[in-house]
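Peer 1: Just passing along the structure, written as structure tokens.
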Amino acid sequence: MSRSLCHVATASDDGQRLDSVLAAHACYPSRSAAAKAAEEGLVLVNGTPRGKKHAVSIGDAIVYELPDDAPSVVAGEPIELDIRYEDEDLIVLSKQAGLVCHPSIDHHDGTLVNALIFHCGAGNLCNVQGEDDRLGIVHRLDRDTTGLMLAAKTNECGQALMDAIRDKTVERRYLALCHGVIAHDTGMIDAPIARSLNERTRMAVRESASSREAVTTFRVLERFEPGPKDDGYTLVDCKLFTGRTHQIRVHMEFTRHPLVGDPMYTAGAPSAPQANLGLDRQFLHSFCLEFDHPITGKRLSFADALPMDLLDVLESLKARSEGRTEAGEEIYSLLTDALRSYL
Numbered sequence: 032m033s034r035s036l037c038h039v040a041t042a043s044d045d046g047q048r049l050d051s052v053l054a055a056h057a058c059y060p061s062r063s064a065a066a067k068a069a070e071e072g073l074v075l076v077n078g079t080p081r082g083k084k085h086a087v088s089i090g091d092a093i094v095y096e097l098p099d100d101a102p103s104v105v106a107g108e109p110i111e112l113d114i115r116y117e118d119e120d121l122i123v124l125s126k127q128a129g130l131v132c133h134p135s136i137d138h139h140d141g142t143l144v145n146a147l148i149f150h151c152g153a154g155n156l157c158n159v160q161g162e163d164d165r166l167g168i169v170h171r172l173d174r175d176t177t178g179l180m181l182a183a184k185t186n187e188c189g190q191a192l193m194d195a196i197r198d199k200t201v202e203r204r205y206l207a208l209c210h211g212v213i214a215h216d217t218g219m220i221d222a223p224i225a226r227s228l229n230e231r232t233r234m235a236v237r238e239s240a241s242s243r244e245a246v247t248t249f250r251v252l253e254r255f256e257p258g259p260k261d262d263g264y265t266l267v268d269c270k271l272f273t274g275r276t277h278q279i280r281v282h283m284e285f286t287r288h289p290l291v292g293d294p295m296y297t298a299g300a301p302s303a304p305q306a307n308l309g310l311d312r313q314f315l316h317s318f319c320l321e322f323d324h325p326i327t328g329k330r331l332s333f334a335d336a337l338p339m340d341l342l343d344v345l346e347s348l349k350a351r352s353e354g355r356t357e358a359g360e361e362i363y364s365l366l367t368d369a370l371r372s373y374l
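Take 32 as the starting number for the sequence shown in this note's numbering and just add one per residue.
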């Protein structure tokens, strides 16, 4: 359930962005929540839906929709964290499937931020984004994408990590199983991404004023021959050079090789349900994370095992393998312990 409330813009609101005004008057718990609501058409200015960047004028009637049970404060929750490294500045963890990174209109609690607050305390997490629902967050993984990610405890470390990600000095690599047999052993997808024109929850490759540069490279690790209900599969190692929303999922769909199990980006996927090999989430796992510690300067490198549901999928395809590439042998060697059940 939700309720509609109204705020009449004051002199201090004049000329300010809509999301800033909504956050400043506590209409939403944070500016990001206000921005999301505006982009989803839940905010009307003088009866017309307006986006987050709309400039407010004094006297505007701003009607906004708010869930009845929307929390005003992000609280800590005892959610299990698989921590791989922790010191006084940062945390490296392996995120489980189903865990949303931070609260939103659709997910008020049960997020990674709630877990980090419980583990560290709100005062011991970075807040460089200035929003209490992003405490500790320096980058994100989609809800059903698993694997390694970073969280920061101090503002100094958080800002440095965000700068390093923007400057492409943090190496982030993902294992993805794609529909179809990819012919080339390596590839680069350099295609701008923006929000879809038709569905606001989707991203798409398109040229527009709002598009942002997006670059993904991939190496083929192993190919699997086609079956009666599918057109074969390719296991790839994807490397991110930018960090756009749903980037790998959007880019692989753009090449007509969408990820197995992806419920949203399906162009090019076989129509038979069996082609998703029993998965109800995308086969995408952040398996490698390497960066320089922002404070100590030490080079840190982590590799993460595939979770069991993804290992089971590879096991089901074992007899259909067309062989591993040289890169495939390298990655399987790196993750020997993680892939023991498959080998």
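In this text, a Cβ means the ideal position worked out from N, Cα and C, and glycines have one as well.
What you are looking at is a predicted structure, and each value in this text was computed from that prediction instead of being measured.
Taking the beta carbon of Ser43 as the centre, do at least 16 other beta carbons fall within 10 Å, making it buried, or is it exposed?
Peer 2: exposed
Peer 1: Mind checking whether His316 and Gly178 have CB atoms under 7 Å apart?
Peer 2: Yes, they are a contact pair.
Peer 1: Measure from the alpha carbon of Asn229 to the alpha carbon of each residue in Leu320, Phe149, Asp118, Glu71, then state which is nearest.
Peer 2: With distances taken between Cα atoms, Asn229 lies closest to Glu71.
Peer 1: When DSSP labels each residue in this structure, what does Tyr205 get in the three-state scheme?
Peer 2: strand
Peer 1: Report the option in Gly82, Val74, Glu108 whose CA atom is closest to the CA atom of Leu97.
Peer 2: Val74
Peer 1: Within 10 angstroms of the Cβ of Asn145, are there 16 or more other Cβ atoms? Answer buried if so, exposed if not.
Peer 2: buried
Peer 1: Helix, strand or coil for Ser227? Go by DSSP, reduced to three states.
Peer 2: coil
Peer 1: Rounding to the nearest angstrom, what Cα-Cα distance links Arg287 and Val105 in this structure?
Peer 2: 40 Å
Peer 1: In chain order, which alpha helix (DSSP H) runs of at least 4 residues are fully inside the segment 46-133?
Peer 2: 49-55, 62-70
Peer 1: Let me make sure I understand the geometry here. Which of Phe322, Leu337, Ala336 has the alpha-carbon closest to that of Arg330?
Peer 2: Phe322
Peer 1: Which whole-angstrom value describes the C-beta separation of Gly107 and Ile148, a residue pair presumed to lie in contact below a C-beta threshold of 8 Å?
Peer 2: 4 Å
Peer 1: Using only the alpha-carbon positions, how far apart do Gly218 and Thr200 sit?
Peer 2: 20 Å
Peer 1: For Gly129, collect the residues of the same chain with a Cβ closer than 7 Å to its Cβ; drop the 5 residues on either side in sequence, then sort them by chain order.
Peer 2: Same-chain partners within the cutoff: Arg174, Asp175.
Peer 1: Classify Met193 as buried or exposed, calling it buried when 16 or more other Cβ atoms lie within 10 Å of its own Cβ.
Peer 2: buried
Peer 1: May I ask you to report which of helix, strand or coil DSSP gives Val144?
Peer 2: helix
Peer 1: Under three-state DSSP, which class holds Ile196?
Peer 2: helix
Peer 1: Less than 7 Å between the C-beta atoms of Tyr296 and Leu208, yes or no?
Peer 2: no
Peer 1: Name the residue from Glu117, Ala183, His324, Pro60 whose alpha carbon lies nearest to the alpha carbon of Ser135.
Peer 2: Pro60
Peer 1: When you compare the segment 290-305 with the segment 268-275, are there three or more beta-carbon pairs, one atom per stretch, that lie closer than 8 Å?
Peer 2: no
Peer 1: Return the chain-ordered list of same chain residues with a C-beta closer than 6 Å to the C-beta of Asn158, the five sequence neighbours on each side being excluded.
Peer 2: Leu166
Peer 1: For Val52, which residues in the same chain have their Cβ closer than 6 Å to its Cβ, ignoring the five residues on either side in sequence?
Peer 2: Cβ neighbours of Val52 within its own chain (closer than 6 Å, five residues either side excluded): Asp44, Val87.
Peer 1: What residue ranges within the segment 286-365 form continuous alpha helix (DSSP H) runs of no fewer than 4 residues, ordered along the chain?
Peer 2: 339-348, 357-365
Peer 1: So, are the CB atoms of Ile435 and Thr247 less than 7 Å apart?
Peer 2: Because the chain spans 32 through 374 in this model, residue 435 falls outside it and cannot be assessed.
Peer 1: Among Val131, Val291, Glu256, Asp216, which residue has its Cα nearest to the Cα of Ala358?
Peer 2: Asp216
Peer 1: Can you give me the C-alpha to C-alpha distance between Ala336 and Asp221, rounded to a whole angstrom?
Peer 2: 28 Å
Peer 1: Indicate whether Glu253 and Pro223 have their beta-carbon atoms separated by less than 7 Å.
Peer 2: no
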